[in-house]
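Residues in the sequence shown are numbered from 93 upward in steps of one, following the working numbering. Note that beta-carbon positions come from the ideal geometry of N, C-alpha and C, so glycine has one too. Heads up, the thing below is written out as structure tokens.
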Amino acid sequence: MSAPNKSYDPVEVEALKPEEIERMRDEALAAFESAADLDALTHAKTAHTGPTSPLSLANREIGALPPQAKAEAGKRVGMARGAVNKALAARLAVLEAERDERVLVEEAVDVTLPYDRTPAGARHPLTTFMERVADVFVAMGYEVAEGPEAEAEWFNFDALNFVPDHPARQMQDTFFVQDADGAKSDESGVVLRTHTSPVQARALLERREPPVYVVCPGRVYRTDELDATHTPVFHQIELLAVDEGLTMADLKGTLDHMVQALFGAGMKTRLRPNYFPFTEPSAEMDMVCYVCRGESVGNPDRPCRTCGSEGWIELGGCGMVNPKVLVACGVDPQKYSGFAFGFGIERMLMFRHNVEDMRDMVEGDVRFTRPFGMEI
Ligand SMILES: [Zn+2]
Numbered sequence: 093m094s095a096p097n098k099s100y101d102p103v104e105v106e107a108l109k110p111e112e113i114e115r116m117r118d119e120a121l122a123a124f125e126s127a128a129d130l131d132a133l134t135h136a137k138t139a140h141t142g143p144t145s146p147l148s149l150a151n152r153e154i155g156a157l158p159p160q161a162k163a164e165a166g167k168r169v170g171m172a173r174g175a176v177n178k179a180l181a182a183r184l185a186v187l188e189a190e191r192d193e194r195v196l197v198e199e200a201v202d203v204t205l206p207y208d209r210t211p212a213g214a215r216h217p218l219t220t221f222m223e224r225v226a227d228v229f230v231a232m233g234y235e236v237a238e239g240p241e242a243e244a245e246w247f248n249f250d251a252l253n254f255v256p257d258h259p260a261r262q263m264q265d266t267f268f269v270q271d272a273d274g275a276k277s278d279e280s281g282v283v284l285r286t287h288t289s290p291v292q293a294r295a296l297l298e299r300r301e302p303p304v305y306v307v308c309p310g311r312v313y314r315t316d317e318l319d320a321t322h323t324p325v326f327h328q329i330e331l332l333a334v335d336e337g338l339t340m341a342d343l344k345g346t347l348d349h350m351v352q353a354l355f356g357a358g359m360k361t362r363l364r365p366n367y368f369p370f371t372e373p374s375a376e377m378d379m380v381c382y383v384c385r386g387e388s389v390g391n392p393d394r395p396c397r398t399c400g401s402e403g404w405i406e407l408g409g410c411g412m413v414n415p416k417v418l419v420a421c422g423v424d425p426q427k428y429s430g431f432a433f434g435f436g437i438e439r440m441l442m443f444r445h446n447v448e449d450m451r452d453m454v455e456g457d458v459r460f461t462r463p464f465g466m467e468i
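Now the structure itself:
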């Protein structure tokens, strides 16, 4: 067994010399003191207290010393590291306080400053578009007429020549609010109106004597499920003109004027025979496609998505007011004639603005309405 190595001198271990430890400590303290911000301090911290820092490496050397030398070297390194950690904590506190103070100043918000870009909100494009359509007719001398949305069955159907067992009463999938009282055969039931046409009957009855020129925008109801192309609550706009000597030529001219006012000069309409109980004769009205103006028809090089390359877009229904409706509303069909037409606002807004899903119109998301502008 060999004797203990009495001749060992810890001073000989370079990294553990007192002046070396002092130098390491002083370098660390100087680095912390000169760190101008928290990032610089983080770097200094890694360099002087991290696992590869001089003091950590010196600490590791202690293990290699003989037992009698360990205590002194350990004390020396431990004191140096303690001083370094204390200086680090002190500098960190100073720099954090500086940062907090600066952030408070830099990020201060003066809530009293005037701010002119606050979103002002907007009316729904359905409302503004419906009013724009109505304005076209107001400019021609029409009056805007409104009526109740919970409507007497008589106005919704009977006055408009829908007989009690008329298939349209089922076809239209009506919301019935109150059944007719069977015991009193003259009592009318109540429905949520399925179209704006009852407003026309009311206008005729209220005005009594033609001429009557009214435009009726409003909300209507059918028992459809909400999907991309259907909604149980939607909007229609209808027009009624009753006067002496009105013909389909007047109807056609009015339609042409409307599409030109809404879609630009050169637009025109066409009529296709159809059937509605309240008009006779009745027609579906189409307008020429406002995108391709019909040039996509038979032209595979220029397909049109808006009209499906058909050249025409179906708008709604129209016709000459059925004399039976005039009689039901107290107007003499021998003296007066009239025309009417109506269409759905949602559908027109969809193709006018390339809206692909009807649900966007009813869900109330401001991201849908915002691109339509702040029209008020
Ligand atoms: Zn087209």
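Where does residue i sit, in a helix, a strand or coil, going by DSSP?
i	result
H216	coil
R311	strand
G456	coil
F124	helix
T361	strand
A275	Confidence at A275 is low in this model, with a pLDDT of 49, below 50, so the placement of that residue should be treated as unreliable; the coordinate-derived value is given next. The answer is coil: DSSP assigns A275 none of H, G, I, E or B.
A95	Below a pLDDT of 50, predicted positions are generally treated as unreliable, and A95, at 48, falls in that range; the measurement from the model is reported next regardless. Here A95 sits in coil by DSSP.
D378	strand
T371	strand
N253	coil
E238	coil
A226	helix
A132	helix
V417	helix
A231	coil
For the alpha helix (DSSP H) holding residue i, just list the boundary residues, first then last.
i	result
A293	S289 to R299
T321	Run containing T321: none; DSSP gives neither H nor E here.
A165	P159 to E198
Q270	It is not in any alpha helix (DSSP H) - Q270 instead sits in the beta strand (DSSP E) that spans F268 to Q270.
V351	M340 to F355
E106	Neither: E106 is in no alpha helix (DSSP H) and is coded neither H nor E.
R152	P146 to I154
F247	E245 to N248
Could you tell me the alpha carbon to alpha carbon distance between residue i and residue j, rounded to whole angstroms?
i	j	result
A275	P415	Unreliable positioning characterises A275 in this predicted model, as indicated by a pLDDT of 49, which lies under 50. The coordinate reading is nonetheless provided below. Looking at the two C-alpha atoms, the distance is approximately 30 Å.
G281	G390	51 Å
T191	S148	Looking at the sequence itself, residue 191 is Arg, so the reference to Thr does not match. One C-alpha to the other measures close to 30 Å.
E243	T371	20 Å
E336	D208	55 Å
E119	V201	42 Å
T461	H445	12 Å
G411	F431	6 Å
F221	M442	11 Å
N151	V203	56 Å
Q426	V306	21 Å
W404	D378	6 Å
L218	M440	10 Å
S374	P206	59 Å
V225	L354	7 Å
L338	K344	11 Å
V325	R285	10 Å
V228	M350	7 Å
H135	E111	24 Å
M453	V419	39 Å
L130	G174	21 Å
A127	G456	54 Å
A107	L133	25 Å
E153	R168	13 Å
Assuming residue i and residue j are in contact, meaning their beta carbons sit under 8 Å apart, how far apart are those beta carbons, in whole angstroms?
i	j	result
Y234	V334	Their Cβ separation, rounded to whole angstroms, is 12 Å, which puts Y234 and V334 out of contact at 8 Å.
F435	G408	3 Å
E125	R183	7 Å
L252	S289	5 Å
V176	T141	6 Å
D449	A320	5 Å
With a 10 Å radius around its C-beta and 16 neighbouring C-beta atoms as the bar for buried, classify residue i as buried or exposed.
i	result
Y313	buried
P309	buried
Q328	buried
Q292	buried
F254	buried
F268	exposed
H287	buried
E330	buried
P302	buried
L196	exposed
E438	buried
What residue range is occupied by the uninterrupted beta strand (DSSP E) comprising residue i?
i	result
L331	V325 to D335
L284	V282 to L284
M450	Here M450 belongs to no beta strand (DSSP E), and DSSP marks it neither H nor E.
V413	W404 to V413
S388	Neither: S388 is in no beta strand (DSSP E) and is coded neither H nor E.
S429	S429 to G436
Does the distance between the C-beta of residue i and the nearest non-hydrogen atom of ligand 2 fall short of 7 Å?
i	result
G403	With respect to ligand 2, the structure shown offers nothing to examine, as its ligands consist of ligand 1.
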